[in-house]
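Chains A and B supply the protein sequences, listed in that same order.
Quick note: the first sequence, position 34, residue 34 per the numbering used here, numbers continuous.
Count along the second sequence from 1, then add 1000; that gives the number in the numbering used here.
All C-beta atoms in this analysis are idealised placements derived from N, C-alpha and C, irrespective of residue type, glycine included.
Just so it is clear, the structure is predicted and the values come from calculations on it, not from any experiment.
Structure record follows, encoded as structure tokens.
Number of protein chains: 2
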Amino acid sequence: MPDADLLGCLAYASLTAFGRTAAAADLAPTLTAKATMARLAVTDYQNYESLVAALAERRIEAEEAMAPFIPPIDAFHSRTRSQDWLENLLAAYAGAGMAADLAAEVTTIGGTGLPDLAHDGEFADFAAEQLRSAVSAEPARAGRLALWSRRLLGEALSQAQRVAADRIDLTAALGGDLTQFGALLLRLTERHTARIAALGLG
Amino acid sequence: MPDADLLGCLAYASLTAFGRTAAAADLAPTLTAKATMARLAVTDYQNYESLVAALAERRIEAEEAMAPFIPPIDAFHSRTRSQDWLENLLAAYAGAGMAADLAAEVTTIGGTGLPDLAHDGEFADFAAEQLRSAVSAEPARAGRLALWSRRLLGEALSQAQRVAADRIDLTAALGGDLTQFGALLLRLTERHTARIAALGLG
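What follows is the structure, given as structure tokens:
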């Protein structure tokens, strides 16, 4: 039942992305930034609802489908906590970009009927502009943020590898065997790196 | 311009309620509770958007309209912080109830065109049931939670009185002079108290 794994993993990822983005709203330096983060969090929650609805259509219990992904996703978040606004903004930007890339990959693979997931393009523009101007105001930030983006990627890949080893169904839903899964991660890595480089970091 | 004050105050209250409810989702003991809090937070954000849209229709700058209410609303939240799940659930329940009561009062007064605000009735049922069963499982909780609900009310009234003293326009939008405003607060207090008593507390 590959659908259960993919939908359950994305559902729990969306629910925790909601919490993380909402917490980042608290650190936002302006009301505009706060409201923008809150709007992104709403998108995360709406995606969670769509994924749970897709599970229900398949008569799969959402809590059960999410359960195997709670430890790795919680581990990712606890290893990449930050109280710094720019680091949180970059994490949200990188995460939203990677989620969109992953959704596109799944559509290409065509195996699973993923529900339409919302992607907040306005957020991406906002975040990119804020990050670029923060770096141009204080160029020393570039190195620290580049390091942070590599750490986010590293932790994400490490958890993904751990999950792939455990969950054959998920690997199958994402293209086949572990080699093909590795190639998928590599494509996501390349796009992440290009997105970060385009900000003037790294 | 009474509208600016009332809409600005409610807008900032909704935006911060979003943050507070989203943070409470992090403390929720089950996935169902987490998702329920996230859904309530989404309602808060949607209300924020409706209020900002109502300000825009009146050609009022949202940030300016919210600015006077940032100190008292932030003070309310910082004086009523808690890391306890049941206290946070009760705060969300009490806050949602009071917001609905206040919206009904404003409609009765009829002075201001308030946009339609969402009220999550499913959340109220969920919260009431969780709180009742938590207290029946451990009756000693009743006293602590009753005390907490009085503290929430006390801080809310204290900030409201401070705002009313400063903002003649807001007082006018909410029924007239300080005496009428005091009577409004008394009605809200009575309903809050009845709502808490119905949970088997205090």
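- One thing to note: residue 3 (chain A) has its Cβ no nearer than 8 Å to the Cβ of residue 167 (chain A).
- Residues of the region 47–73 of chain A with a Cβ closer than 9 Å to any Cβ of chain B, in chain order: 48, 49, 52, 62, 63, 66, 67, 70.
- One alpha carbon belongs to residue 163 (chain A), the other to residue 66 (chain A), and they sit about 13 Å apart.
- For the pair residue 126 (chain A) and residue 30 (chain A), the CB atoms are not nearer than the 8 Å cut-off.
- Taking CB atoms only, residue 89 (chain A) has no neighbour in chain B less than 8 Å away.
- Three or more Cβ pairs closer than 8 Å define a contact, and the region 1148–1163 of chain B meets that threshold against the region 1091–1101 of chain B.
- Taking residue 177 (chain A) as the centre and dropping the five residues before and after it, the same chain places the C-beta of 171 closer than 8 Å to its C-beta, in chain order.
- Only exposed fits residue 83 (chain A), as fewer than 16 other CB atoms lie within 10 angstroms of its CB.
- Burial check for residue 1021 (chain B): the Cβ neighbour count within 10 Å reaches 16 or more, so the residue is buried.
- As the crow flies, the alpha-carbon of residue 1193 (chain B) is around 20 Å from that of residue 1180 (chain B).
- When 7 Å is used as the limit between beta carbons, residue 41 (chain A) is near these residues of chain B: 1022, in chain order.
- Per DSSP, reduced to three states, the secondary structure at residue 30 (chain A) is coil, with no helix or strand assignment.
- Within the model, the alpha-carbon separation for residue 1190 (chain B) versus residue 54 (chain A) is close to 44 Å.
- Within 10 angstroms of the beta-carbon of residue 186 (chain A) lie fewer than 16 other beta-carbons, which makes it exposed.
- Excluding residues up to 5 positions away in sequence, 37, 85, 88, 89, 91, 92 lie with their Cβ nearer than 8 Å to the Cβ of residue 24 (chain A) in the same chain.
- By the rule that beta-carbons nearer than 8 Å mark a contact, residue 99 (chain A) does not touch chain B.
- Between the beta-carbon of residue 1051 (chain B) and that of residue 1115 (chain B) there is about 6 Å, and that keeps the pair under the 8 Å contact cut.
- By the neighbour-count definition (other C-beta atoms within 10 Å, threshold 16), residue 14 (chain A) is a buried residue.
- The shortest CA-to-CA distance from residue 1010 (chain B) to any of B:1121, B:1106, B:1136 is the one to B:1106.
- Boundaries for residue 1069 (chain B): no alpha helix (DSSP H) harbours it, and the DSSP string shows neither H nor E there.
- A direct Cα-Cα distance of roughly 6 Å separates residue 17 (chain A) from residue 44 (chain A).
- Pairing residue 1120 (chain B) with residue 1039 (chain B) gives a Cβ-Cβ distance under 8 Å.
- Against chain A, the beta carbon of residue 1175 (chain B) has no neighbour under 9 Å; the closest one sits roughly 28 Å away.
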